[in-house]
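Residue numbers (my numbering): 31 to 535.
Next comes the structure, spelled out in structure tokens:
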């Protein structure tokens, strides 16, 4: 493991007579308003009092003035990495700084979202910010045993490592115990579903935004995210010679505690809300579509504690739909869609077919994927696809692609016969008669052949490559056949041999 630097809908977080903090950190400033520019202040009416905030991290500088009178004893599960550190189970002192910074964003008296929470440090990472999966799981299990039923609680895990079913299961157990869990998405600019606990299904997975509402370049992304929050250049409490030290650092580790703090604000006034209800409330009250370049598959939700009406997320817009050219039976025809709008966007497809581009078109049964593979019955007909799109804001106006060219199919010869202008004798004119399927309609190539006996070895007759062949005298007593190939834009068939005629008289 490593530290990553870095229901009912309860939307009414700020109701009457809010407390206004001036000169707030930009992260606090951003989450209490819907849009930019920043106002340099942070308004709130609840402060998380009565809510326990478990900080599963590198520990806590409990004497820091940001937490005066609001620290409860936690537990230590980090390995000993230096002889200068007391590693007793009850020593949760922070020798790294990361955990103290995270706790300050959750509940610091000036840097915190929820300034009244009780901080409970659970030390699972050592002085270097490293730990083990088993140590993190042990810390989570301790929280489950420590948390009392009926006491509203949040937990924050600003840490991550490789994908771990065991860790994700531990997170699920913690949520089942009634604790709201916020986790950092990770700082690799990759799919958050590839790591744990970011991939834990019921946790609130948090990506990082920066001061201009761009997704932070380092922030993980994807469908496993639930929400974005400020994460770049966040100032909060730190360790050092002074119990008032601060540091400004960046990462999804800094974004996640903003969400944990916001969850604590909700829990103060909705003490019986379930973790899922809190998650849904945070997402539903988020500012939709605010994050620029949110990343493939990411929900475009920016944390908001404001009760100003959430700006309605507009439905997506489809600007173009195209399908691949030269469709052929047996080969997939693919669609290319240009769509914009708040993510995630769900696309729908319906492939249609007609005799010509003028129509009428009819739906192809079960053809509702992004591609369609024509079958033999489709040959010579034309395709198009109708594409729809939807997101949390609604549905786009469906867009239909231009019709394809006629569907092609490789030729197949069904029969080849030989007819004669008279008897099968010298000076008679032989004609090859071939029939074949395929589209475009195939043309044919011919090669006349002869042999000394019906079942003998047939050899090509020089320059006999037309559809007709006039029998010369040297073919008397020989047997004749014609070898035909059908050709179109898709393929050339293998040679098809006619039945033989002869012996030539």
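Glycine included, each C-beta is placed from N, C-alpha and C at the ideal position.
Values in this document were obtained by computation on a predicted structure and should not be read as measured data.
Residue 510 carries a strand assignment under DSSP once its states are collapsed to helix, strand and coil.
A distance below 8 Å between beta-carbons, with the five flanking residues on each side excluded, links residue 456 to the following residues of its chain, in chain order: 501, 502, 503, 505, 506, 534 and 535. In the structure shown, residue 87 falls within a strand segment according to DSSP collapsed to helix, strand and coil. The Cβ neighbour count for residue 165, taken over all protein chains shown within 10 Å, is at least 16; the residue is labelled buried. With contacts defined by Cβ atoms closer than 8 Å, residue 530 and residue 484 form a contacting pair. The three-state secondary structure of residue 253, taken from DSSP, is coil. Taking a contact to require three or more Cβ pairs closer than 8 Å, the region 236-247 and the region 279-297 qualify as touching.
Sorting 423, 71, 467 and 127 by C-alpha distance to the C-alpha of residue 271 places 127 at the top.
Taking the Cβ atoms as the reference, residue 369 lies roughly 7 Å from residue 347, within the contact range of under 8 Å. Residue 403 sits away from residue 442, with the two beta carbons spaced by 8 Å or more. For residue 82, the pairing in a beta bridge is given by DSSP as 148 and 183. Residue pairing by DSSP puts residue 393 in a beta bridge opposite 382. Here residue 305 carries a helix assignment [DSSP, helix/strand/coil]. With 16 or more other Cβ atoms inside 10 Å of its own Cβ, residue 145 counts as buried. Residue 343 has no beta-bridge partner at all, per DSSP.
By the Cβ rule, the region 92-99 does not count as touching the region 172-180, because fewer than three pairs are nearer than 8 Å.
The DSSP-derived three-state label of residue 178 is coil. Beta-carbon to beta-carbon, residue 419 and residue 353 are separated by about 16 Å, too far to satisfy the 8 Å threshold. The region 389-404 makes contact with the region 355-374: 3 or more CB pairs, one atom from each, lie closer than 8 Å. For the region 450-486, the full-length beta strand (DSSP E) segments reaching 3 residues or more read 459-469 and 473-481 along the chain. Per DSSP, residue 315 lies in no beta strand (DSSP E) and is assigned neither H nor E. Exposure of residue 398 is indicated by the presence of fewer than 16 other C-beta atoms within 10 angstroms of its C-beta. The C-alpha of residue 387 is placed about 51 Å away from the C-alpha of residue 307. Taking the CA atoms as reference points, residue 213 sits about 37 Å from residue 350. Close CB contacts of residue 528 within its chain, under the 8 Å cut and outside five residues either way in sequence, are with 446, 447, 448, 462, 511, 512, 513 and 514 (chain order). Here the alpha carbon of residue 249 sits roughly 20 Å from the alpha carbon of residue 136. Put simply, the backbone Cα of residue 264 is about 5 Å away from that of residue 278. Taking the CA atoms as reference points, residue 161 sits about 18 Å from residue 133. The three-state reading of DSSP puts residue 221 in strand, counting E and B together.
Taking C-alpha positions only, residue 90 is separated from residue 339 by approximately 37 Å. The beta carbon of residue 326 lies closer than 7 Å to those of 251 and 252 in the same chain, with the five residues before and after it left out.
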